[in-house]
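Working notes for the structure below.
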Amino acid sequence: MFTGIVEELGSIAAIEDQGDAVRLVVETAVVLEDAHLGDSIAVDGCCLTITEHDGTRWTADVMAESLRRTTLGERTPGDRVNLERAVRADQRLGGHVVQGHVDGVGRVLDRRPSEHWTVVEIGYPAELARFLVEKGSITVDGISLTLVEVGESSFTVSLIPETLARTTLGFRAVGEPVNLEVDVIAKHVERLVVGGYADEALARIAARQAEGGAA
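So the sequence shown is numbered by the numbering used here: it starts at 1447 and just counts up by one.
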């Protein structure tokens, strides 16, 4: 699990073709400080597992499914990427609950800079619309952000100078793709409601209350 608070910008050192997968080598400074083999690191919001590391570089195997469903399939050596270690139980949850499981790829549609922040408009796949609400949470390339406006096919987020300076959204240009992960709580709520489980639960609660028992 992650929080969507990017720890550093790393860079892709190498991409080794493995046929039905690739071996990704990432150069970094911070996230390997206490790293062990098997630990998880989010790369632009994609949860990857450390298979090798030497203190300044680490390696992860990326399967074909991940390459197809995320922007990792479009990355090239030298590209900078957002990095975050998996959260510890004793850490503050500075952003929101992020799984590192990308739900879809969006695209930067517009950038509107102002004196103190930049508004970025991002187009999103239609199947994610039901999970997006104004003032709700969204993860963009591993960054925990608050939805400002939500339209039928795009949403906006406001980026403060700190976010612009420390993440890839500071230089992500109009037309470029970004990884999107919706709020996992919204997905579970939808499952309860659409699957009919919410109706069953409410019926049981109503029955207990009618009998004078606790819910």
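Glycine is no exception: its CB is placed at the ideal position from the N, C-alpha and C atoms. What you are looking at is a predicted structure, and each value in this text was computed from that prediction instead of being measured.
Closest Cα partner of residue i within the set the options
| i | options | result |
| --- | --- | --- |
| G1550 | D1629, G1501 and L1615 | D1629 |
| V1605 | V1620, G1597, I1589 and E1598 | Correcting the residue type first, residue 1605 is Leu in the shown sequence and not Val. Ranking V1620, G1597, I1589 and E1598 by Cα distance to L1605 puts I1589 first. |
| P1607 | S1600, F1617, E1530 and A1506 | F1617 |
| K1633 | F1577, A1619, N1625 and I1584 | F1577 |
| R1503 | R1515, E1479, E1520 and L1574 | E1479 |
| D1554 | T1505, E1561, Y1570 and R1650 | Checking the sequence, you will find Val at residue 1554 rather than Asp. Of T1505, E1561, Y1570 and R1650, the residue nearest in Cα terms is Y1570. |
| G1501 | L1483, R1654, C1493 and C1492 | L1483 |
Nearest-angstrom Cβ-Cβ length linking residue i and residue j, presumed shorter than 8 Å
| i | j | result |
| --- | --- | --- |
| T1614 | L1455 | 7 Å |
| V1544 | E1627 | 6 Å |
| V1472 | A1459 | 6 Å |
| V1624 | I1584 | In fact, because the Cβ distance is near 10 Å, the residues do not count as touching under 8 Å. |
| V1620 | D1556 | 6 Å |
| T1505 | L1470 | 7 Å |
Check whether residue i and residue j have beta carbons under 7 Å apart
| i | j | result |
| --- | --- | --- |
| G1582 | T1449 | no |
| A1481 | H1499 | yes |
| V1468 | E1530 | no |
| N1528 | D1466 | no |
| V1548 | C1492 | yes |
| T1497 | S1486 | no |
Sequence-distant residues of its chain with Cβ nearer than 8 Å to residue i (five each side left out)
| i | result |
| --- | --- |
| Q1464 | D1507 |
| L1593 | L1578, V1579, E1580, K1581, G1582, S1583, I1584, F1601, T1602 and V1603 |
| E1595 | E1580, F1601 and T1602 |
Contact set for residue i: own chain, Cβ-Cβ below 6 Å, skip 5 residues either direction
| i | result |
| --- | --- |
| G1552 | I1568, G1569, Y1570, V1624 and L1626 |
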